[in-house]
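Residue numbers (my numbering): 18 to 278.
Glycine included, every Cβ here is placed at the ideal spot set by N, Cα and C.
Step one of this worksheet: look at the structure below.
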Ligand code: 1HE
């Protein structure tokens, strides 16, 4: 196992093909300070090629309480704009990572913490997780990509409700509306996310890449362009030597069958 990161902010450890990126400010409920945003950006920018899946989690009982409100000071509109853009750049490194990122969520998933979770490709929440966007109450607006990513996950009407009323969603509601992919017992979010990451890391890398990068683009493309893009990326994926070996393995009965879980 290799370990690195920024002490007191973020821990990065790599075991085999899976990297763990862990927010490490539990005493501040993993509030996202400028330094922590920078550390997240660096961690996702520096992933070694041997890493095939990443699990993003928070130390302690809470994933993240969002923007570090201690760092809010008088900012000009331009400073506010650039501040938000640094969050966008950092979270884009997650959303556009070459390998799948799974967020393991417990406790508070609030504001910017919710935006961070929305940047991952899959979300696993335990029963203690709750989701809120109290920006309205704080006189703010989302600035970490939430209007795009959270709106895409839950729809503009639901996001409007959370932002206007301060409504808090529990893990059950989050699962019901598709905000989280898996809901597990308290304390099980990280183990389940690691289990999923191990499984995902065994897929052909080009298939994973196509799912992360081609699928969302195809889904947003006008009909005929979407079909053509699908054919192109399917052709690229199946042309990989690894894909050919995997298909041969199944045909010669060396590969596992699909099983009901
Ligand atoms: C913080 C933060 C923070 C905790 N910034 N320091 N986010 C919010 O509006 C959520 C604000 N936080 C809370 O509502 C609560 O802290 C929690 C529900 C998350 C947790 O409650 P609790 O009782 O477990 O902890 P606590 O006693 O409130 O906080 C423990 C410490 O963490 C305390 O510091 P201490 O020095 O007094 O021990 C808190 O001040 C500190 N702390 N949350 C700074 N957010 C790109 S735009 C995004 C805009 C937003 O994210 S808006 C949402 C902001």
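Counterpart residues of residue 37 in DSSP-defined beta bridges: Paired residues: 30, 72.
Cβ neighbours of residue 253 in the same chain (closer than 8 Å, five flanking residues each side left out): Counting only Cβ-Cβ distances below 8 Å, and skipping sequence neighbours, we find 223, 227.
Buried versus exposed call for residue 267 [16 or more other C-beta atoms within 10 Å across all chains shown]: Its Cβ having fewer than 16 others within 10 Å, residue 267 is exposed.
Proximity below 8 Å, CB of residue 90 to CB of residue 100: No; because the gap between Cβ atoms is not below 8 Å, this pair is not in contact.
Heavy atom of ligand 1 within 7 Å of residue 159 beta-carbon: Yes, the Cβ of residue 159 comes within 7 Å of a heavy atom of ligand 1.
Sufficient close CB pairs (3 or more, under 8 Å) joining the region 205-218 to the region 150-160: As far as the Cβ criterion goes, the region 205-218 does not touch the region 150-160, which means the pair count is below three.
Beta carbon of residue 263 nearer than 8 Å to that of residue 272: In terms of Cβ geometry, residue 263 and residue 272 form a close pair [threshold 8 Å].
Of the residues 225, 207, 132, 108, the one placed nearest residue 143, counting alpha carbons only: It is 207.
Any non-hydrogen atom of ligand 1 within 7 Å of residue 167 CB: Not one heavy atom of ligand 1 is found less than 7 Å from the C-beta of residue 167.
Residue of 78, 132, 146, 247 minimising C-alpha distance to residue 201: Checked all of 78, 132, 146, 247; the closest Cα to residue 201 is 146.
Where the beta strand (DSSP E) through residue 126 begins and ends: Residues 125-127.
Inside the region 139-221 only - beta strand (DSSP E) runs reaching at least 3 residues: If we require 3 residues or more, the beta strand (DSSP E) runs fully inside the region 139-221 come out as 139-143, 147-149, 199-201.
Assigned secondary structure, residue 81 (DSSP; H/G/I helix, E/B strand, else coil): In the structure shown, residue 81 sits in a strand (DSSP, three-state: E or B).
Within 8 Å, strictly: CB atoms of residue 125 and residue 81: The Cβ-Cβ distance between residue 125 and residue 81 falls below 8 Å.
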